[in-house]
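Asks:
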Amino acid sequence: MTKITDVQVRSFPVNASWNNSTVVAHQLSHWPEYFEQRISFNYPDQANCIVKIIADDGNYGLGQVGCSKRMIGYIVENIFKPFIIGKDVSEIEKIWEVLYRSSIPIGRKGAIIEALSGVDIALWDLFGKVVKMPVYKLLGGAVRDKIPVYATGNNIKLHLEMGFKDVKLAIPYGPAHGNFGMRENEKLVRETREMIGEDGNIMLDCYMSWDEEYTCKMANILHKYNIRWIEEPLRPEFYAGYKRLRDKLNPMGIMITGGEHEYTRWGVREILEEASMDIIQVDIWRTGGISEFKKIAAMASAYDTKVIPHGSGAPVFHAVINSIVSPFAECIVVPDQFPLFKNEPEQKDGFVTLGDEPGLGYDLSDEAAKAFEKEEIWR
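What the sequence shown shows, in the numbering used here, is residues 541 to 919, in sequence order.
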């Protein structure tokens, strides 16, 4: 038996990207002071937090979570760590249940589950390294040889140069910007269709910035450009609104998707029971990690519903290649981002292929590894 001996958390700055350096609609776009970019409503101590779980044989696993570094650091080291130390590295399911149940009085959603997600991902990475197997094989093996991926972001020229065929656009404007915003949204979609041609798929990420009326208006304007889906137009709790939109937009050939801000299988169960979305897009770093994603995918299969997770990286690709209801994945392109990991799976010509490296196959980049050796910087 291989025992867990330590759990550590370090934080790294959130880097500039398309997400916080340009106009992107979001749930606060209704107010002018928050409109220009998503970074406007980020909290001061937001960070990329890395959870490192170390075993007595010297192996370690890594999991990432993006949230308040003080919250994640406190939760992992003061609430979760005592339940993890001394456990066998194979006890991933038990650890998940213990951490979830122990935090019910203060959690069930939000930062608690995000911290749990980071721990779970690190545990799978560690277990794979100990038994010298890739995570996707531990999960049951690949159901396809390679994963089709689409690019997220509005730099279409770059995406095409990188070999992507399908793109998801970050929509810049919502209801507060009236006809001007609608024209600008259409311009972005029209120019994208002209660049990628008739065969590529276009998806729209609205990030909770629209309402039902505005979504219907935009769908009527944009359906001629053959939009595959409109993602997260409403706030996550508006299940009935999503269902009404699905009923109205499906006849146009447009799917309604969401679930990025939903937590655990119990949150997703409501979406499935209401039949409110065509595709569930849970975030592995938010919804409960790889363990919970596998349960969500199994549950969704009973409803004949696809699960295309939000986000990109090794944990997503290992989970998706194992899931029959996840025929493709997202690839977020951030060319100049500070690299937290090395040996991440890379896309080529719109596909990602996984190898036989143990665990998730990645490790801290040289720069991140040096920074990790410093004292806890989340405090």
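Where is the CB? At the ideal position from N, CA and C, for every residue including glycine.
#1: Since GLY798 is in the beta strand (DSSP E), which residue starts that stretch and which ends it?
#2: List the whole-angstrom C-beta distance separating ARG597 from VAL670, where the pair is believed to meet the contact cut-off of C-beta under 8 Å.
#3: Can you give the Cα-Cα distance for TYR754 and LEU785, rounded to whole angstroms?
#4: Between ALA662, ILE770, CYS756 and GLY606, which has its C-alpha nearest LYS708's C-alpha?
#5: What is the DSSP secondary structure of ASP685, counted as helix, strand or coil?
#6: In this structure, what does DSSP give as the bridge partners for PHE552?
#7: Would you report the Cα separation of CYS871 and ILE736, rounded to the nearest angstrom?
#8: The alpha helix (DSSP H) that contains ILE742, what's its start and end?
#9: Tell me, which residues are paired with LYS846 by DSSP?
#10: My output table needs one value for TYR713: the three-state DSSP class, helix, strand or coil.
#11: Would you be able to state if there are at least three C-beta pairs under 8 Å between the region 840-848 and the region 675-684?
#12: Where DSSP assigns a beta bridge to VAL707, which residues make up the other side?
#13: When we look at the beta-carbon of ILE830 and count the other beta-carbons within 10 Å, is it buried (16 or more) or exposed?
#14: Between TYR902 and GLU654, what straight-line distance do the alpha-carbon atoms span, to the nearest angstrom?
#15: Going by DSSP, name the residue or residues bridged to PHE891.
#16: Would the beta-carbon of LEU774 fall within 9 Å of that of MET748?
#17: With DSSP as the reference, identify every bridge partner of SER608, one or two as the case may be.
#18: Which class does ILE830 belong to by DSSP, given the choice of helix, strand or coil?
#19: With DSSP as the reference, label PHE881 as helix, strand or coil.
#20: Which value, in whole angstroms, describes the spacing of the CA atoms of GLU907 and MET792?
#21: CB-CB under 6 Å to PHE704, same chain, minus the five flanking residues each way: which ones, in chain order?
#22: Quick check on VAL874: does DSSP put it in helix, strand or coil?
#23: If you scan the region 725-784 from start to end, which runs of the alpha helix (DSSP H) of 4 or more residues do you find wholly inside it?
#24: Look up ILE861 in the DSSP assignment and say whether it is helix, strand or coil.
#25: Which class does TYR600 belong to by DSSP, given the choice of helix, strand or coil?
#26: Have a look at the DSSP bridge pairing and note the partners of ALA869.
#27: Determine the contact status of VAL814 and TYR765, defining contact as a CB-CB distance below 9 Å.
#28: Per the DSSP calculation, GLY899 is bridged to which residue(s)?
#29: Quick check: is any heavy atom of the ligand COA less than 8 Å from the C-beta of GLU802?
#30: Closer than 8 Å is the cut-off here; do at least three beta carbon pairs connect the region 708-719 with the region 563-573?
#31: State the Cα-Cα distance for the pair SER580 and LEU880, rounded to the nearest angstrom.
#32: Quick one: using the 10 Å Cβ neighbour count with 16 as the cut-off for buried, is ASN599 buried or exposed?
#33: From the DSSP secondary-structure annotation, give me the bridge partner or partners of LYS948.
#34: In the DSSP assignment, find the alpha helix (DSSP H) that holds TRP806 and state where it starts and stops.
#35: Under 9 Å between the Cβ atoms of VAL605 and ILE711?
Replies: Straight from the coordinates:
#1: Position 258 of the sequence shown holds residue 798. Unbroken beta strand (DSSP E) run through GLY798: 795-798.
#2: Counted from its first residue, the sequence shown places residue 597 at position 57. Counted from its first residue, the sequence shown places residue 670 at position 130. Here residue 597 is Asp; the residue named in the question, Arg, does not match the sequence. 7 Å between Cβ atoms; contact.
#3: Here residue 754 refers to the residue found at position 214 when the sequence shown is read from its first residue. Here residue 785 refers to the residue found at position 245 when the sequence shown is read from its first residue. Using only the alpha carbons, I get a separation of about 11 Å.
#4: Translated into positions along the sequence shown, residue 708 becomes position 168. Checking every option, the nearest Cα to that of LYS708 belongs to ILE770.
#5: The sequence position of residue 685 within the sequence shown is 145, counting from 1. Correct three-state label for ASP685: coil.
#6: Locating residue 552 in the sequence shown gives position 12, counting from the first residue. According to DSSP, PHE552 bridges with ASN588.
#7: Translated into positions along the sequence shown, residue 871 becomes position 331. Translated into positions along the sequence shown, residue 736 becomes position 196. Roughly 17 Å between the two C-alpha positions.
#8: Taking the sequence shown and counting its residues from 1, the one referred to as residue 742 is at position 202. Per DSSP, ILE742 lies in no alpha helix (DSSP H) segment; the continuous beta strand (DSSP E) that holds it begins and ends at 742-745.
#9: What you label residue 846 is simply residue 306 of the sequence shown in a count that begins at 1. LYS846 pairs with ILE819.
#10: On the sequence shown, residue 713 is found 173 positions in, with the first residue counted as 1. The answer is coil: DSSP assigns TYR713 none of H, G, I, E or B.
#11: no
#12: Working through the sequence shown from its first residue, we reach residue 707 at position 167. Here VAL707 is bridged, per DSSP, to ALA691 and ILE742.
#13: Here the question's residue 830 lines up with position 290 in the sequence shown. Classification for ILE830: buried.
#14: The residue labelled residue 902 in the question sits at position 362 within the sequence shown. The residue labelled residue 654 in the question sits at position 114 within the sequence shown. Going by the C-alpha atoms only, they are around 20 Å apart.
#15: Counted from its first residue, the sequence shown places residue 891 at position 351. Among the bridge pairs identified by DSSP, PHE891 is matched with PRO688 and LYS888.
#16: Within the sequence shown, numbered from 1, the residue matching residue 774 stands at position 234. Within the sequence shown, numbered from 1, the residue matching residue 748 stands at position 208. A contact, by the Cβ cut-off of 9 Å.
#17: For the purposes of this step, residue 608 is identified with residue 68 of the sequence shown, where counting begins at 1. Its beta-bridge partners are GLN586.
#18: Here residue 830 is taken as the residue at index 290 of the sequence shown, counted from 1. If DSSP states are grouped into helix, strand and coil, ILE830 belongs with the helices.
#19: As a first step, residue 881 must be located in the sequence shown, where it is residue number 341. Strand, per DSSP.
#20: Numbered from its first residue, the sequence shown carries residue 907 at position 367. Numbered from its first residue, the sequence shown carries residue 792 at position 252. If you take the alpha carbons of GLU907 and MET792, they lie about 49 Å apart.
#21: Locating residue 704 in the sequence shown gives position 164, counting from the first residue. Closer than 6 Å at Cβ, skipping near neighbours: ALA691 and GLY890.
#22: In the sequence shown, the residue the question calls residue 874 occupies position 334. Coil at VAL874, not helix or strand.
#23: 752-762
#24: Reading the sequence shown from its first residue, position 321 is the one you call residue 861. If DSSP states are grouped into helix, strand and coil, ILE861 belongs with coil.
#25: Numbered from 1 along the sequence shown, position 60 holds the residue referred to as residue 600. TYR600: strand per DSSP, three-state reduction.
#26: To locate residue 869, count along the sequence shown from 1; it is residue 329. Looking at the DSSP assignment, ALA869 forms a beta bridge with VAL689.
#27: Translated into the one-based positions of the sequence shown, residue 814 becomes position 274. Translated into the one-based positions of the sequence shown, residue 765 becomes position 225. In the sequence on display, residue 814 carries Glu and not Val. No.
#28: Residue mapping note: residue 899 aligns to position 359 of the sequence shown, counting from 1. Bridge partners of GLY899: PRO674.
#29: Judged by which ligands are present, the structure shown has none, so any question about the ligand COA falls away.
#30: yes
#31: Taking the first residue of the sequence shown as position 1, residue 580 is located at position 40. Taking the first residue of the sequence shown as position 1, residue 880 is located at position 340. At SER580, the pLDDT of 49 sits below 50, so the modelled position is not reliable; the number obtained from the coordinates is stated separately. Going from the Cα of SER580 to the Cα of LEU880 covers about 24 Å.
#32: Here the question's residue 599 lines up with position 59 in the sequence shown. Label assigned to ASN599: buried.
#33: Since the first residue of the chain shown is 541 and the last is 919, residue 948 is not available in this structure.
#34: Here the question's residue 806 lines up with position 266 in the sequence shown. First-last of the alpha helix (DSSP H) with TRP806: 804-814.
#35: Residue 605 sits at position 65 when you count from the first residue of the sequence shown. Residue 711 sits at position 171 when you count from the first residue of the sequence shown. Not in contact: VAL605 and ILE711 (Cβ atoms no closer than 9 Å).
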